[in-house]
Each structure stands twice: as C-alpha cells, then as structure tokens.
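Following: one structure in structure tokens, then a few remarks.
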Amino acid sequence: MSRVRQPPLVTGISPNEGTSWTKVTIRGENLGTGPADLVGLSICGHNCLLTAEWMSASKIVCRVGPAKDDKGEIIVSTKSGGHGTSTVSFKLLKAEKIGILDQSAVWVDEMNYYDMRTDRYKGISPLSLRPSNPLGIDFDKGKVPLKDLEALFPGVSGEFTSENFSATWYLIENHSVTSFDQLRMAASNLKKQATKKNEGSLAYVKGGLSTFFEAQDALAAIHQRLESDGTERVEGSMTQRLENVLNRASDTADTLFQEVLGRKDKADSTRNALNVLQRFKFLFNLPLNIERNIQKGDYDVVINDYEKAKSLFSNTEVSVFKKVYAEVETRIGALKILLLDKLLETPSTLHDQKRYIRYLSDLHASGDPAWQCISAQHKWILGLMQNCKEEFINYQRGELNTHTPLDLEGDPRPSAFSRIRDTAPLNKGGILHTPRHSTWHYETPQQVQFVEKLSDVVIGQLPNFWKLWISYVNGSLFSETGEKSGQVEKSKKNARQRQNDFKKMIEEVTHRLVKLVRGALLPSTLTELELRLFGGWENKTELTGPWLTQVIHIVRIIFEALVALEIPNDLLQVIQDLLLELRHHCLLVTLHHTAEDVKRVAEKEDWVVDNEGITSLPAQFEQCMVQMLQSLKEPMETKPGEVNVRNTHTLHYHRISFIYVNYSMSVDLASPNLFSGIQEDFCPTLEQRLLIILSNCQYLEKHTFLNLAEHFERHGFTGTEKITRVTVHAVKELDESLFDAYIERKSDPIVGSLEPGIYAGHFDWRDCGTPTGVRNYLKEALVNIITVHAEVFTVSKDLVPRVLSRIIEGVAEEMSRLMQCVSSFSKNGAIQARLEIDSLRDAVASYLSSESHASFKQALEVLPQLHNGNKIHDEKCQPLLNKFKSSMQLQLTCFQPSNVQPVKR
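Residue numbering for the sequence shown follows full-length UniProt numbering, starting at 1 and increasing by one per position.
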C-alpha cells in the first residue's frame with residue numbers, strides 16, 4: 001500500500017511584493033515530487049503554472065502574472081498531495097496606465113510598459129517565460145559520453161535554444177532511459193504548450209486588428225491626396241504646406257517638451273546607473289561579503305563567490321570593475337594566508353585538515369599545502385613525544401612547577417603535550433584506559449606512566465597522520481573543482497615523488513618511540529649520545545616484573561594499532577625488536593626478583609605447624625612461584641610475528657627451586673632465636689626445628705613440586721619433568737642430611753647408655769643371679785625412645801615410623817655388638833640376656849626393619865644354647881616377659897599404632 005503524501009504547504013515567498021511579471025521564489029513543504037507532479041500554481045488568484053519552474057520538493061521559481069487581486073495567497077496543487085494551503089501572502093503592486101511623458105513614483109519595467117497607441121501593456125519576451133524543462137518530465141540521464149554524441153550528430157546541438165537544435169540528441173542526452181509512458185506524457189505537454197502559445201498570438205492579433213485597419217486607411221488617404229496634387233516642392237502645394245505644418249509642430253513640440261525631454265534623459269541615465277548597480281551588485285558587494293563570511297567561517301561561500309566573480313570579471317576592461325576585482329583578490333590572498341595558518345596549526349583534527357587543504361586547492365594556493373600539513377604534523381608528533389619525556393623528567397626532579405618545557409623552536413609556551421592532555425581524551429577503543437584508583441599516579445612508577453602517555457600520543461596522532469598521507473596519495477583531499485583542474489593527478493604525482501620522504505618520517509617516529517622507551521627502561525641499549533637525548537631518568541629502583549609486563553602490554557597495543565593501519569612491516573620492525581628485548585628483560589628481572597623473594601621466605605618462618613605437620617613456608621614458596629608464572633604470562637605469550645621465548649629460561653626455574661631449598665631450609669639450626677615467631681612464647685628447640693624442616697621437605701616432595709609442575713604445564717611450559725626431578729633430588733639430599741643430623745642427636749644418647757646400663761653394679765654375664773625381670777637400663781632406653789616418639793608425633797605423625805625405625809636399628813645393632821663382645825655366658829646370664837633382647841624386640845616390633853631383625857637375630861645367635869633350651873626359656877623367660885609387658889603396658893602402647901607402617905628410605 002503506497003504512502004499518502006501530505007498536501008502542499010507554502011511557508012515563504014521572496015520577494016513578498018512586486019508588480020506583474022516579478023520573479024519570485026516559493027518555499028514550503030511537499031511541493032511535489034517532480035515537474036510532472038506540479039499541476040497547479042496560483043498567486044493572488046492568477047494562474048502562474050506556465051512560468052513555474054520546479055526546483056525541489058521545497059522550492060519553486062515562477063513569475064507573478066497580472067492578477068486582479070491586490071493581495072492574495074500562494075496556492076500549489078500536485079498530483080500526489082492535492083490542493084495545498086499557504087501561511088504567507090503576496091502583495092501585487094499595480095502601476096497606473098502611464099504614458100511616456102507622465103511622471104510616476106512606481107518604476108516601470110521597460111519590458112512591460114503601457115502602450116497608449118494600443119491602450120494595452122506590452123508583453124514580455126516569450127524567451128523569458130521559456131521553461132528550463134520543455135517536456136515537463138523528470139530528467140533521466142544515461143551514461144552516453146558527450147564525445148559519442150558529437151560524433152553521431154556533427155554540426156548540431158542538444159540545446160533547444162540553438163539554431164542547430166537536434167531533438168534526437170536532446171532525447172538521448174536527457175531521457176535515454178525514460179519509459180515510453182513518460183515520453184507520451186512529454187509529447188502531450190508539448191502539444192498543450194504549443195496550443196497556448198498559438199492562442200495567445202492569435203488573441204493579440206485580434207485585439208489590435210482595428211488599429212491596423214485605421215492605420216491602413218489613413219495611409220491610403222494620404223497616398224491618394226499626394227497623387228492628385230501632383231506636386232512635391234512647389235510653393236503653396238499640399239506637400240509644401242504639410243512640411244511647414246510638420247516643422248512648426250516639431251518646433252512647438254521641442255519648445256513644449258524640452259524640459260520634459262531633459263528630465264527623461266536624466267531619468268534614463270539614472271535608470272541605466274541603477275541597472276548597472278542592480279546587475280553588478282554581486283561584484284560591488286563581494287569584498288564586504290567575503291569579509292563577513294570569513295568571520296563566520298563560511299569558507300565554501302567565499303570560494304564559490306570568488307569563482308563566480310573570477311569567471312565574470314577576471315579579464316574585464318572596465319576600470320571600476322578592475323578596481324573592485326583587485327580588492328577581491330586582496331581579500332582572497334589574505335584568506336589563503338589565514339587558511340594556511342589554520343592548516344598548520346596544531347593540534348587539529350583530520351577532518352579540519354582535509355577541509356583546509358580542499359579550500360586552499362580550490363583557491364589555487366601556491367606550493368603544496370597538503371605536503372606542508374604532513375610535514376608540520378610530523379614535526380608536531382616528534383615534539384609531543386619529546387616533550388612528554390621532558391615533562392616526566394622534570395616532574396621526577398621536582399621541577400614541574402617551576403619549569404615549563406620548551407617547544408621545538410624554543411618558545412617558552414605550554415608544551416604541545418600539555419595542550420593535547422588538557423583537551424578531549426584520545427580514543428583508543430577503550431583498551432588502554434581503565435578506571436584506576438585516585439592514587440594510581442602516585443603508586444605507578446614514572447617510567448610506566450611515561451610509556452602510557454607516549455602510547456596516547458602515538459595511538460592518538462599517528463593514525464590521522466597516516467590517513468592524511470593516504471588521502472594525499474589517492475587524491476581524495478580535493479573537491480570536484482580540483483578534479484576538473486587536474487590537481488588530483490598533480491597530487492598523485494607529487495605523492496609518488498615523496499614516498500621515500502614520508503617513509504623516512506614514519507621511520508623517524510617509530511625510532512623516536514623506541515629510543516624513548518629504551519631510554520626509560522633499557523638505557524644500557526643506547527649509545528652515550530642517544531642517552532643524552534632520550535635518557536636522563538633517575539632509576540633509583542628497578543622496575544619489577546608486573547610493571548614491565550604492563551609496559552609490554554602497552555607496546556603491543558601500539559604495535560597492533562599501527563599494524564591495523566596497514567603500515568608496512570619493515571617500518572615496524574624496530575618495535576618488534578623492542579618488544580623482544582623487553583620480554584627478555586622482563587623474564588630476567590622477574591626471575592631475579594623471584595629468587596630474591598624466595599631467599600627472603602626463610603626470614604618469614606614462624607615454626608608454627610598445622611595439622612599436617614608443616615609450617616607456612618611451603619605455601620609461601622608455592623605462592624611466589626605461582627605469582628612468577630602469572631607475571632611471565634604476558635612476556636612469554638607469543639603474538640603473531642614475535643619470537644618464541646618460552647623455553648629459553650628453563651634453567652632459571654631450576655635455580656629458583658634450588659635457591660628455595662638451600663636458602664629457606666638451610667637455616668642456622670644452632671640459633672633458635674634467629675627467627676622471631678608469631679607466638680612470642682614459642683621457641684622451638686634445635687631438634688624440633690629439624691623435625692619441622694623434615695616435615696616441610698616431605699610436603700614439598702609429595703605436594704608442592706607436583707602442584708608447581710601442574711602450574712608450569714597450565715601456563716604452557718615444557719620440560720618441567722627435569723625441573724621437578726632435579727629439585728626433588730636436591731630436597732632429598734637436604735632431607736637425608738637433616739634426618740641424619742636429627743638421628744645422630746637422638747640415637748647416640750640412647751645407644752650410648754646401653755653398655756653402661758648393662759654393666760652397672762659390676763654386672764657379669766658369667767656370674768649373675770637368677771633373673772627376676774628386665775633390668776632398668778632397658779626400661780630407661782625404652783622411655784627415651786618413647787620420648788623421641790612423643791617429640792616426633794607432636795610435629796608430624798608421618799615422621800614417626802621413619803625416625804623410630806632408624807633409632808631402633810641403632811639400638812639393635814648396639815645390642816648385637818655388646819652380645820658379641822661377651823666372652824661367655826652363665827646359664828642365668830644367657831636367660832637374662834635372652835629376656836632383655838626379647839623384651840626390647842617385642843616392645844618395638846611395629847618399627848622393626850630388616851636391619852633391626854638381622855641385628856636382633858645376631859644377638860640371639862651369640863647366646864649359648866641350653867639343654868631343652870626352648871622349654872627352659874619358656875618356663876623362665878615368659879613369665880618375666882609378661883610381667884615386663886604388664887608393668888609397662890601404658891608406656892608400650894605408643895609403639896603399637898594401628899595405621900603406622902615402618903618406612904624404608
């Protein structure tokens with residue numbers, strides 16, 4: 001269903017008053033979709049459709065006809081909208097019937113004056129009423145070149161006012177793709193126009209027919225009288241008398257109308273002057289209009305008016321026109337200087353730069369404004385980058401409030417970086433700028449802030465700089481006027497000649513960026529001369545891995561932004577090289593700082609164990625390693641086109657693990673107060689600290705290193721098996737060393753007390769009384785073992801089997817040695833020895849190892865075999881053995897854990 005259009009509405013007419021045949025411009029809404037859609041136009045009740053020229057849906061131009069009403073509305077009728085309305089009116093000024101000698105306050109157009117002879121107004125020229133579209137349908141031009149038409153129709157023209165007008169040419173040029181129905185409508189329109197013209201001419205002839213007959217009769221009568229008289233110059237003849245009458249009438253007329261004719265001449269002169277002013281008022285008002293439009297910034301209007309004046313008056317020979325045109329040229333020269341200054345002014349948007357270049361191109365400014373703008377932008381970007389560094393250096397030195405950085409020419413004015421920083425923020429898609437805490441600038445190192453600001457400058461300015469060059473290369477900086485004048489081809493030619501110069505500009509910007517970043521973060525990679533230009537930072541503390549990671553992220557964003565502009569890769573290689581060095585530097589710094597942090601982990605030992613028998617030290621170490629891996633995620637990541645550095649620092653990870661083992665575990669065991677614990681009243685003994693470290697080592701081996709291996713693999717590292725294997729071996733060596741130290745401290749006193757206890761009171765195996773039970777030395781040894789059990793169990797129950805098995809091995813070995821050293825046993829001595837060996841073996845049976853079993857077996861084999869030995873042994877020893885177990889039942893309970901198995905290491 002087609003959409004119903006609103007009826008036409010006239011909202012303005014200019015001028016709003018005038019005489020008949022005044023040309024007016026009608027403005028409004030819904031004034032038709034085309035010339036064919038306009039079916040009616042009346043002003044003050046008079047039909048003006050014949051002179052109407054449809055311009056657009058909001059504009060119609062026509063001439064006011066000789067309406068009867070003095071004031072009336074403007075009514076427009078269209079096919080699509082119907083009969084319209086008007087919110088304005090037109091006042092028709094009617095001049096009275098004025099003769100050539102009468103005075104009047106109303107200006108009478110010479111094209112429409114009152115002829116007293118015919119008692120009617122003289123009509124205007126039919127050409128002035130000629131519509132611009134004689135067919136009355138929309139133009140529908142095809143793509144037939146003008147050259148082809150000239151070749152097909154030589155000697156003729158498609159202009160319908162030309163003497164050599166060709167209808168075929170006109171139709172091909174303006175209606176090559178018009179439908180047949182539209183052409184039929186055009187033929188109908190032509191017939192209507194021809195009918196109207198024929199009727200108008202015939203009516204005009206009919207109206208003046210009586211005058212023609214009167215003139216014909218008068219001329220015929222005069223002719224007959226002259227023929228009948230037959231004389232011409234004879235005195236007294238009719239001809240002579242007529243001549244005298246005419247001469248007297250002429251003299252009388254000259255006398256009567258001398259003053260009138262003089263006024264007429266003056267009026268003619270005034271009218272001619274007014275006509276000149278009216279006709280050429282555009283030129284006379286142009287200097288003032290140029291000045292006003294420049295002040296308003298309407299440069300397009302100025303250029304259009306100048307082009308019009310140039311086409312009309314550039315070659316004039318009239319002195320007054322020359323004078324005015326020279327003033328116009330002076331104003332245009334000042335405009336060129338103004339536009340060039342605005343073009344080279346910084347900062348400026350890409351849109352404004354293109355606009356000013358187009359203006360200067362249309363004004364045919366000397367030189368190459370586009371290249372001048374490119375050069376100025378290049379210098380400005382370099383200045384921004386350098387001033388950015390100077391501001392941060394001065395701030396670092398505390399001179400920001402007392403020193404203002406100079407610009408490139410040394411003028412003491414605010415730097416370009418300050419100007420761009422105080423204006424609207426640069427949009428980079430929201431990648432770099434994230435909401436930060438208000439104290440962020442005080443927490444972030446100056447070098448990191450500098451790199452971020454430098455990235456703002458590069459990402460904010462270099463894309464527009466590159467786009468300006470691309471526009472310069474493809475000629476899109478110029479208007480249609482520039483294309484017609486050949487400036488596009490000239491621009492492309494200049495761009496081809498200056499490609500190397502622009503390439504050097506991009507190289508200079510990228511090298512300046514890289515050197516400024518190197519001066520802030522990698523000063524050792526610059527020469528002494530480059531350091532003076534791009535360095536100057538007071539690096540009191542080295543940046544940590546996370547800050548370097550942020551710098552790498554920023555530089556990658558810069559690189560990606562420049563790659564998106566399709567800048568050649570060879571121009572961006574220096575940024576790739578910078579990224580590679582920053583990644584290597586970040587790896588080394590992160591590894592070094594992690595090693596230092598691992599060293600300091602031991603200083604945080606509080607010796608407080610949890611339910612698993614470990615302190616916070618393994619967790620702190622694991623946290624350090626995980627943080628290191630997270631810090632290395634950005635520098636280890638390989639973006640397209642970057643070098644893979646993932647597997648180049650595997651040995652450093654092993655070193656960190658080894659440093660942890662050596663520095664956090666190998667503490668000064670002889671100084672119990674070396675580390676201040678969280679609990680001030682808790683100060684572990686040397687043996688307790690040995691057990692705690694052994695428990696930590698065991699946890700490292702079984703859990704921490706496996707967790708770290710998973711973290712390494714999750715972050716994409718390979719070869720972690722070797723790291724884990726080497727680290728576990730180092731932990732085992734440390735574990736064995738500390739375990740031996742603890743066993744030595746605990747086992748030696750117990751083993752050393754056996755021999756003195758056995759022979760206490762001058763005991764002799766060859767001469768001893770009947771056994772009455774297990775002697776006290778063995779009970780003391782068991783109590784000492786129980787004490788060790790309690791100490792180990794308090795720290796870590798997992799260490800109990802391992803520690804007790806080793807201590808019992810030493811005790812069993814010592815018992816075997818002592819039995820082998822006895823030269824002979826009496827019967828009672830053999831029973832006593834077997835009782836004590838069996839009692840000891842049965843008490844610690846849960847912690848016996850193969851070595852312990854062998855030692856006890858050797859000790860028993862040394863004892864002499866009694867007659868019916870087993871029976872005697874059972875009769876003598878078993879009651880005593882049961883008595884021993886019964887008396888020490890409570891003590892021996894700790895040797896029988898339900899879920900503890902002996903550990904073999």
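No residue lacks a Cβ here, since even glycine has one placed at the ideal position from N, Cα and C.
Predicted model, so just to flag it, every value in this text is computed and none were measured.
* What is the DSSP secondary structure of I26, reduced to helix, strand or coil? -> The three-state reading of DSSP puts I26 in strand, counting E and B together.
Notebook entry, point to check: Using 8 Å as the threshold, is the stretch 717-736 in touch with the stretch 765-778, meaning 3 or more CB pairs across them?
Noted result: The stretch 717-736, when compared against the stretch 765-778, does not touch it at the 8 Å Cβ threshold.
Check your understanding: Going straight from the alpha carbon of Q224 to that of N244, what length do you get?
Key -> Whole-angstrom Cα-Cα distance: 20 Å.
- At a cut of 8 Å, does the stretch 524-543 reach the stretch 607-624 through at least three beta carbon pairs? Contact annotation: the stretch 524-543 does not touch the stretch 607-624, with fewer than three C-beta pairs closer than 8 Å.
CB contact flag (L795, I693, <7 Å):
It should be noted that the sequence gives Val, not Leu, for residue 795. Contact: no.
### Query
In three-state DSSP terms, what is G613?
In this structure, G613 counts as coil in the three-state DSSP scheme.
Would you mind giving the Cβ-Cβ distance between S846 and F884, rounded to the nearest angstrom? I have them listed as a contact below 8 Å.
At roughly 17 Å, the Cβ-Cβ gap does not stay under 8 Å, so S846 and F884 are not in contact.
(request) Scan the stretch 615-639 and note each continuous alpha helix (DSSP H) run of 4 residues or more that stays entirely inside, going in chain order. (result) Considered as a whole, the stretch 615-639 harbours 617-636 as its complete alpha helix (DSSP H) runs of no fewer than 4 residues, in chain order.
- Query: Leaving out the 5 sequence neighbours to the left and right, which residues in its chain are closer than 7 Å to L522 when beta-carbon positions are compared?
  - Reply: Its chain contains E581, H585 as the residues whose beta carbon lies nearer than 7 Å to that of L522, once the 5 sequence neighbours on both sides are disregarded; these appear in chain order.
Where L312 and K503 are concerned, what is the direct C-alpha to C-alpha distance, given to the nearest angstrom? Going by the C-alpha atoms only, they are around 44 Å apart.
Exercise for review: Counting only runs of 3+ residues fully inside the stretch 349-393, write out the beta strand (DSSP E) ranges in chain order.
Suggested key: The qualifying runs do not exist here; there are none.
Query raised in the report: With distances taken from CA atoms, which of L782, Q396, E744 is nearest P445?
Result: That would be Q396, whose Cα lies nearest to the Cα of P445.
Cβ-based burial, S524 [other Cβ within 10 Å; buried from 16] = By the Cβ-count criterion, S524 is exposed, with fewer than 16 other Cβ atoms from all chains shown falling within 10 Å of its own Cβ.
- Query: With respect to the alpha helix (DSSP H) encompassing I554, which residues constitute its N-terminal and C-terminal limits?
  - Reply: Here the alpha helix (DSSP H) through I554 covers 545-564.
Once the 5 residues before and after G82 are set aside, which same chain residues still bring their CB inside 6 Å of it? Excluding residues within five positions, the ones whose Cβ falls inside 6 Å are P7.
Task: Close Cβ partners of D767 (< 7 Å) along its chain, the five nearest in sequence each way excluded - done: The residues are S826.
ask   = Given a threshold of 16 other Cβ atoms within 10 Å of its Cβ, counted over all protein chains shown, does R583 qualify as buried or as exposed?
value = The Cβ neighbour count for R583, taken over all protein chains shown within 10 Å, is at least 16; the residue is labelled buried.
- Based on the DSSP output, what are the partners of L691 in its beta bridges? Its beta-bridge partners do not exist; DSSP assigns none.
_For V731, which residues in the same chain have their Cβ closer than 7 Å to its Cβ, ignoring the five residues on either side in sequence?_
Cβ neighbours of V731 beyond the five flanking positions: V661, C697, L700, E701.
| field | Beta-carbon proximity of A52 to C44, cut-off 7 Å | value | Taking 7 Å as the Cβ cut-off, A52 and C44 do not qualify as a contacting pair.
What do you get for T510, buried or exposed, if any count of 16 or more other CB atoms within 10 angstroms of its CB means buried?
T510 counts as buried, since no fewer than 16 other beta carbons sit within 10 angstroms of its beta carbon.
Next item on the list: Write down the C-beta distance between L571 and V563 rounded to the nearest angstrom, noting that I regard them as a contact closer than 8 Å.
Entry: Not confirmed; about 10 Å, so no contact.
Excluding the five sequence neighbours on either side, which residues of its own chain have a C-beta within less than 8 Å of the C-beta of I552, listed in chain order?
Excluding its 5 nearest sequence neighbours in each direction, I552 has C-beta neighbours in its own chain below 8 Å: L579, L582, R583, C586, E634, P635, listed in chain order.
Exercise. Please go through the same chain and pick out, in chain order, the residues whose beta-carbon is closer than 6 Å to the beta-carbon of V844, but skip the five residues on each side of it.
Key: Here the set comprises I808, F895.
Query raised in the report: Identify the residues that DSSP records as bridge partners of L462: which are they?
Result: The secondary-structure analysis by DSSP pairs L462 with nothing; it has no beta-bridge partner.
Review point. Does the Cβ-Cβ distance between E73 and S89 come in under 7 Å?
Key: Remark: C-beta atoms of E73 and S89 approach each other more closely than 7 Å.
N- and C-terminal bounds of the beta strand (DSSP E) containing F705: No beta strand (DSSP E) holds F705; the alpha helix (DSSP H) holding it covers 705-714.
Examine chain D for any beta-carbon lying closer than 7 Å to the beta-carbon of T893, and answer yes or no. This model lacks chain D altogether, as it is built from one protein chain only.
Practice task
Name the two residues that bound the continuous beta strand (DSSP E) containing C586.
Solution key: No beta strand (DSSP E) contains C586, which is instead part of the alpha helix (DSSP H) from 569-601.
Under 7 Å Cβ to Cβ from V574, same chain only, skipping five residues before and after it: list those, please.
Apart from sequence neighbours up to five positions away, the residues of its chain that approach V574 with a beta-carbon distance below 7 Å are T510, H511, V514, ordered along the chain.
*Can you find at least 3 beta carbon pairs, one from the stretch 15-25 and one from the stretch 63-70, that sit closer than 8 Å?*
The stretch 15-25 vs the stretch 63-70: in contact.
Nearest neighbour of E744, chosen from K147, F717, G810 [CA to CA] | Closest by alpha carbon: G810.
Name the two residues that bound the continuous alpha helix (DSSP H) containing residue 908.
-> What is shown of the chain runs 1 to 905, which leaves residue 908 out entirely.
### Task
Check S269 in the structure and name its three-state DSSP category.
Secondary structure at S269: helix, using DSSP grouped into helix, strand and coil.
Exercise for the section: Look up H83 in the DSSP assignment and say whether it is helix, strand or coil. Expected result: Judged by DSSP in its simplified three-state form, H83 adopts strand.
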